[in-house]
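J.:
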Amino acid sequence: MKFTVLVDTLVSSAYKRDRVVPAHGLSILVEHSSGMKIMFSTGPAFSILVNNSTELGLVLEGVDVLFIPIWRRPLAGCYEDVITKLKPKLVCTPPRGLSRGFEHIVKSSSPLKIERYV
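Residue numbers for the sequence shown follow the numbering used here, beginning at 126 and rising by one.
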């Protein structure tokens, strides 16, 4: 598996010469050897997500799973853009307004109840 940080508050000095943009937020792309792509969080802005993935030589199209851990702008600021433009097959989110853990996995528009994490 390959983990690439797409958005973070700090940018490694190795990438400062490139045009990787730091932002208050986080997005990590996980690529499995089978070809599956999982995006953990989106970061605050789609333009930053696209810019940084381009600068790092990554293609965002074909994201299979989008995982949003919490409804906060730094982690889910461009959630709707990712859904409409990248069209992930599975979207895992906490219910809106929940900040302490997960109660559901959302697949399409039908929530599936899972064991509550507290």
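All residues carry an ideal CB built from backbone N, CA and C; glycine is no exception.
What you are looking at is a predicted structure, and each value in this text was computed from that prediction instead of being measured.
Residues in its own chain within less than 6 Å of S178 by CB, not counting five upstream and five downstream?
T.: Counting from 1 along the sequence shown, the entry for residue 178 is found at position 53. So the list reads L131, L185, once near-sequence residues are dropped.
J.: So is I193 buried or exposed if we call it buried at 16+ other beta carbons inside 10 Å?
T.: As a first step, residue 193 must be located in the sequence shown, where it is residue number 68. I193 is buried by the Cβ-count criterion.
J.: Would T218 be called buried (16 or more neighbouring beta carbons within 10 Å of its own) or exposed?
T.: Here residue 218 refers to the residue found at position 93 of the sequence shown. With 16 or more other Cβ atoms within 10 Å, it is buried.
J.: Quick check on the burial criterion: 16 or more other C-beta atoms within 10 angstroms. Buried or exposed for T134?
T.: As a first step, residue 134 must be located in the sequence shown, where it is residue number 9. Exposed, by the Cβ-count rule.
J.: Just list the residues that DSSP pairs I163 with in beta bridges.
T.: As a working note, residue 163 is residue 38 in the sequence shown. Partner(s): V155, V190.
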